[in-house]
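Residue numbers (full-length UniProt numbering): 1 to 406.
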């Protein structure tokens, strides 16, 4: 996107990419359907960027959801709004969009063609003298040196290292005098802390239910700073903990509270359509000769996974106490011990701090050096927000570089 802005401004642009082909993470984002952006009102849309809402809103004002759809249309494709207000290309795929985009960059009807250099991995070497940048790249043919009047870094965050965004740039950019906040997993899963203090579920739950989705539940959490989250949805019980959309939506609060306190405890409502009074009444109903599991299945439609989760938290005595059991069904505490590794996360938080950049995303400490995308210090949930801000920030930085170059 930054290259597109510069090409249209008549600038000679060279894109250096460490990978064998362009846009590998873009293609991965479209694996289950390319969620480009979101159709909710702009004032709500921008709140999804938490403490960076104001900064992200300034980027997105000039390239909001409607503008992204128009941009896609300009590439010869259409979009549609799904039932969850997420916006996708009509065929749901990333590859046709990427092909059309790259073709236009290489063969523009207006502007300067963009040149792509694949398998060129920046090794951190960057010198700046007489308003010229000199960079060094490692390639299969050996070292390659390039000079430029301006440099734009879009090196990604720290997740999905195999696709190129490995976060190796952090010490290199810090060495240039640019403030970098440590990268942290975002939209990530977590490992639970068991009753015995060990990390992970019991062997029974792990072996029997690892990888099983838990649907139609509500998750609530209030962190130690007083910030609250409450939402209904579904997630997956993994072999060691939890992951999936509902967990990802609360992952920033959970992650930060674990960092502050060593753990974080969320609450699950296993029957969000039932009042506490009704749950207690159903649990307390005489069960005769039926087992507890059969009784709970017939009265509340609780599954074997629900029962296994309750057993993780409650003692045998508590399971047989209607009041304690009913309370747990409506408010089951699950303690999380740690995030899953960064490379399993969908995205990352942290990066180049916006305070180190001007309004055009140029480094205050090094004029002519611009930064864009997930490399910047912001985060957002899934739902089109990540890609929207990546595109919008790159547009700001690309136009900023064009202005800098005159």
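The C-beta atom is built at its ideal place from N, Cα and C for all residues, glycine as well.
If you ignore the 5 residues before and after residue 37, its C-beta comes within less than 6 Å of the C-beta of 65, 68, 87, 384, 388, all in its own chain and listed in chain order.
Restricting attention to beta strand (DSSP E) runs no shorter than 3 residues, the stretch 336-400 encloses them at 347-352, 369-371, ordered along the chain. Taken through DSSP and simplified to helix, strand or coil, residue 228 comes out as strand. By the 16-neighbour rule on beta-carbons within 10 angstroms, residue 31 is exposed. Under the DSSP assignment, residue 294 falls in the alpha helix (DSSP H) whose first and last residues are 292-300. Judged by DSSP in its simplified three-state form, residue 245 adopts helix. Here the C-alpha atom of residue 345 lies approximately 15 Å from the C-alpha atom of residue 235. In this structure, the beta-carbon distance from residue 105 to residue 34 does not fall below 8 Å. In this structure residue 260 does not touch residue 294 by the C-beta definition: roughly 43 Å separates them, more than the 8 Å allowed. The alpha helix (DSSP H) runs of length 4 or more contained entirely in the stretch 10-98 are, from start to end of the chain, 24-29, 42-45, 53-61, 65-74. The continuous beta strand (DSSP E) containing residue 181 extends over residues 180-186.
With contacts defined as CB atoms closer than 8 Å, residue 337 and residue 291 fail to qualify as a contacting pair. A direct Cα-to-Cα measurement between residue 17 and residue 84 gives close to 34 Å. Distance between residue 245 and residue 187, taken at the CA atoms: about 8 Å. When DSSP states are grouped into helix, strand and coil, residue 313 belongs to the helix group. In the DSSP annotation of this structure, the continuous segment of the alpha helix (DSSP H) that includes residue 276 starts and ends at 276-284.
Residue 173 carries a helical assignment under DSSP once its states are collapsed to helix, strand and coil. Taking a cut-off of 8 Å on C-beta distances, the stretch 107-115 touches the stretch 7-23, as three or more cross pairs fall below it. With contacts defined as CB atoms closer than 8 Å, residue 350 and residue 181 qualify as a contacting pair. With contacts defined as CB atoms closer than 8 Å, residue 211 and residue 238 qualify as a contacting pair.
Residue 5 and residue 355 have their C-alpha atoms roughly 24 Å apart. Contact annotation: residue 159 and residue 348 have beta-carbon atoms nearer than 8 Å. The DSSP-derived three-state label of residue 106 is helix. A contact between stretches requires three or more CB pairs, one per stretch, nearer than 8 Å, and the stretch 362-376 meets this requirement with the stretch 389-400. Look at residue 131 here: in three-state DSSP terms it is coil, with no helix or strand label. In the DSSP assignment, residue 153 forms a beta bridge with 371. The shortest C-alpha to C-alpha distance from residue 116 to any of 253, 330, 21, 312 is the one to 21. For residue 268, the enclosing beta strand (DSSP E) starts and ends at 264-269.
According to the DSSP assignment, residue 143 belongs to the beta strand (DSSP E) that extends over 142-148. Inclusion of residue 147 and residue 131 in the CB contact set at 8 Å is not warranted, their separation being larger than that value.
Between the beta-carbon of residue 177 and that of residue 365 there is about 4 Å, and that keeps the pair under the 8 Å contact cut.
With 16 or more other Cβ atoms from the protein chains shown falling within 10 Å of its own Cβ, residue 250 counts as buried.
For residue 204, the enclosing alpha helix (DSSP H) covers residues 203-209. A residue is called buried when at least 16 other Cβ atoms come within 10 angstroms of its Cβ; residue 46 meets this threshold and is buried.
Check the Cα spacing between residue 72 and each of 358, 124, 379, 91: the tightest is with 91. With fewer than 16 neighbouring CB atoms inside 10 Å of its own CB, residue 62 falls in the exposed class.
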